[in-house]
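*Asks:*
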Amino acid sequence: MNLVPLPRLIVEPLVRAALLEDLGLAGDITSASVIPEHHRSTVVMAARQPGVIAGLDAAQLAFSLVDPEIVMRRHLKDGDAVKPGDVIATIEGPSRGLLTAERTALNFLGHLSGIATVTSEIAATISGTKASVACTRKTTPGLRALEKYAVRAGGGMNHRFALYDAVLIKDNHVAIAGGIAEAIRRARAGVGHMVRIEVEVDTLDQLREAM
2 MNLVPLPRLI
12 VEPLVRAALL
22 EDLGLAGDIT
32 SASVIPEHHR
42 STVVMAARQP
52 GVIAGLDAAQ
62 LAFSLVDPEI
72 VMRRHLKDGD
82 AVKPGDVIAT
92 IEGPSRGLLT
102 AERTALNFLG
112 HLSGIATVTS
122 EIAATISGTK
132 ASVACTRKTT
142 PGLRALEKYA
152 VRAGGGMNHR
162 FALYDAVLIK
172 DNHVAIAGGI
182 AEAIRRARAG
192 VGHMVRIEVE
202 VDTLDQLREA
212 M
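Reading the sequence shown from the start, the letters are residues 2 to 212 in our numbering.
#1: Pick helix, strand or coil for Leu66, following the three-state DSSP scheme.
#2: For Ile54 versus Ile89, is the C-beta spacing smaller than 8 Å?
#3: Let me check understanding here. Comparing Cα to Cα, which of Glu199, Ser128, Val175 and Asn173 lies closest to Ala167?
#4: Does the contact criterion of 3 or more C-beta pairs under 8 Å hold for the stretch 145-159 versus the stretch 111-131?
#5: From which residue to which residue does the beta strand (DSSP E) around Thr91 run?
#6: What runs of the beta strand (DSSP E), each 3 residues or longer, lie entirely inside the stretch 128-195?
#7: Can you tell me whether Gly111 is helix, strand or coil according to DSSP?
#8: Would you decide whether Ala33 is buried or exposed? Buried here means 16 or more other CB atoms lie within 10 Å of its CB.
#9: Apart from the five residues on each side of it in sequence, which residues of its chain come closer than 7 Å, Cβ to Cβ, to Arg187?
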């Protein structure tokens, strides 16, 4: 699988926002008060159930942003299938930082791996056909780039990313425009010839009209 990673410029602000949400102004008061300042730990991140991995970049950033001394060594990569007990990564560094970043790292990894896993399961059911698994814009606000990446990690493909990169004429557009043919005519007149135009249809008659 040729899975192109997301640029750090996209991932880092999302991880920073998640960490700030968790740390607030006071930080991790539990770890700061309970864990000795210079204590270090080595932890193993292992799969608890079968699935497909996605989100390792976000997880690693969560640790390194909290404490640059934390080192995360990956034993698997995004898009890899795992079974219970498989070691995904080994993380070493100051214990306070490990505990502070742990939940944010696992939230990203668990959420994105869940998307990749379900996508992989759907893709497996249509294997051998000409169909593809494609995601929509029905994503968690703010996490679209990560969630669409997770779909690719699971063997799916991305449909349009947002409202600006393709025309998708849906039932409400058709109703207001006065029909499929008129909606397509207006779309062709309103966007450049390089912009993809697609129409959602419910019946064969609508398909014939669109064509």
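C-beta atoms are modelled at their ideal positions from N, C-alpha and C, and glycine is treated no differently.
*Replies:* This is what the structure gives:
#1: In the structure shown, Leu66 sits in a helix (DSSP, three-state: H, G or I).
#2: Going by C-beta atoms, Ile54 is nearer than 8 Å to Ile89.
#3: With distances taken between Cα atoms, Ala167 lies closest to Glu199.
#4: Taking 8 Å as the limit for Cβ pairs, the verdict is that the stretch 111-131 does touch the stretch 145-159.
#5: DSSP places Thr91 inside the beta strand (DSSP E), whose first and last residues are Val88 to Pro95.
#6: You should have 168-170.
#7: Three-state result, Gly111: helix.
#8: So Ala33 counts as exposed.
#9: Result list for Arg187: Ala178, in chain order.
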